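Note sheet for the following structure.
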Amino acid sequence: MSPSLALVAVVFVLVATGVYLVLERSLTRVLVGVILLSNGINVLFLLASGPAGAPPLVGSTPVSEMSDPLPQAMVLTAIVITLGLTAFLLAMAYRSWQLHGHDEVQDDVEDRQIRTRAGRDETSGSYDPDDEESPVEERSEDRRRAHASPAPADAPSGSRADRRERRGAARSAERRARGRGERP
Numbered sequence: 035m036s037p038s039l040a041l042v043a044v045v046f047v048l049v050a051t052g053v054y055l056v057l058e059r060s061l062t063r064v065l066v067g068v069i070l071l072s073n074g075i076n077v078l079f080l081l082a083s084g085p086a087g088a089p090p091l092v093g094s095t096p097v098s099e100m101s102d103p104l105p106q107a108m109v110l111t112a113i114v115i116t117l118g119l120t121a122f123l124l125a126m127a128y129r130s131w132q133l134h135g136h137d138e139v140q141d142d143v144e145d146r147q148i149r150t151r152a153g154r155d156e157t158s159g160s161y162d163p164d165d166e167e168s169p170v171e172e173r174s175e176d177r178r179r180a181h182a183s184p185a186p187a188d189a190p191s192g193s194r195a196d197r198r199e200r201r202g203a204a205r206s207a208e209r210r211a212r213g214r215g216e217r218p
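Okay, so the sequence shown: first residue is 35 according to our numbering, each after it adds one.
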């Protein structure tokens, strides 16, 4: 027996609408999206489990006519998990409404900085391309040596760790100068 085309369309609409709403910034819409998505997946599980059969009670019906109880148990578990997630999202939306007067998720300061840096195509101050080629153990040993005995600023170019330490100090000084509005 093939599944009903109407039920397949219902699954498609529920999942598509749920995914669309989960990607919104309003917690209420995310909540509705999670509920629609979970209901669509539950219907999909029941569709995939095959045709309905007799109750799976040993002795009452032949084994070949029994329905599979596993998909039903999975759907029941999914319903319970969705109920818990719904309660959690409702609590978050209510708390956001109490604090801000709306339930929209806002950007973090770090998110804005990352978006700005990506727009300018620059890397963070802690990124060092030299680190990419050295193994992790060597890098951690270099850091321990660099912090144990810092090299003077006028020393000739020493090890790679010394050069990294000086570059990091120069970058920190530049960031502090930019924060005060000065030009480095």
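All C-beta atoms, glycine included, are put in the ideal place defined by N, C-alpha and C. In this text the structure is predicted, and so the values were computed from the model without any measurement.
Leaving out five residues before and five after residue i in sequence, what residues of the same chain have Cβ atoms less than 6 Å from its Cβ?
{"i": "Leu81", "result": "Pro37, Leu41"}
{"i": "Ala88", "result": "Thr95, Glu99, Met100"}
Any idea which residues DSSP pairs residue i with across the strands?
{"i": "Thr51", "result": "Looking at the DSSP assignment, Thr51 forms no beta bridge with any residue, so it has no partner."}
{"i": "Ser101", "result": "Ser101 pairs with nothing; no bridge assigned."}
{"i": "Glu138", "result": "Ser60"}
{"i": "Ala88", "result": "Met100"}
{"i": "Thr95", "result": "Val92"}
Once you ignore the five residues that flank residue i on each side, which residues in its own chain have a CB closer than 7 Å to its CB?
{"i": "Ala2", "result": "What is shown of the chain runs 35 to 218, which leaves residue 2 out entirely."}
{"i": "Glu156", "result": "none"}
Can you tell me the Cα-Cα spacing of residue i and residue j, whole angstroms?
{"i": "Gln132", "j": "Val56", "result": "22 Å"}
{"i": "Arg197", "j": "Ala203", "result": "10 Å"}
{"i": "Ile148", "j": "Thr111", "result": "39 Å"}
{"i": "Leu124", "j": "Arg146", "result": "27 Å"}
{"i": "Gly135", "j": "Ser206", "result": "39 Å"}
{"i": "Phe122", "j": "Val114", "result": "13 Å"}
{"i": "Met100", "j": "Val47", "result": "30 Å"}
{"i": "Gly118", "j": "Gln140", "result": "24 Å"}
{"i": "Gly153", "j": "Arg200", "result": "27 Å"}
{"i": "Glu144", "j": "Thr150", "result": "10 Å"}
{"i": "Val97", "j": "Pro90", "result": "8 Å"}
{"i": "Gly211", "j": "Asp142", "result": "According to the sequence provided, residue 211 is Ala. The question's Gly does not apply to it. Taking the straight line from one Cα to the other gives about 24 Å."}
{"i": "Leu104", "j": "Thr95", "result": "18 Å"}
{"i": "Gly93", "j": "Gln106", "result": "20 Å"}
Going along the chain, which residues of its own chain have a beta-carbon closer than 8 Å to the beta-carbon of residue i, five neighbours each way excluded?
{"i": "Met108", "result": "Phe79"}
{"i": "Ile69", "result": "Gly52, Thr116, Thr120"}
{"i": "Ala86", "result": "Ser101"}
{"i": "Val44", "result": "Gly74, Val77"}
{"i": "Glu58", "result": "Val64, Gly67"}
{"i": "Leu39", "result": "none"}
Can you round the beta-carbon distance between residue i and residue j to whole angstroms, since I take them to be within the 8 Å contact cut?
{"i": "Asp102", "j": "Ser83", "result": "6 Å"}
Does any CB atom of chain B fall closer than 8 Å to the CB of residue i?
{"i": "Leu91", "result": "No chain B appears in this structure, which consists of one protein chain only."}
Checklist entry - Would you call the segment 44-52 and the segment 68-80 touching, i.e. three or more CB-CB distances under 8 Å? => result Counting C-beta pairs closer than 8 Å gives three or more between the segment 44-52 and the segment 68-80, which meets the contact rule.
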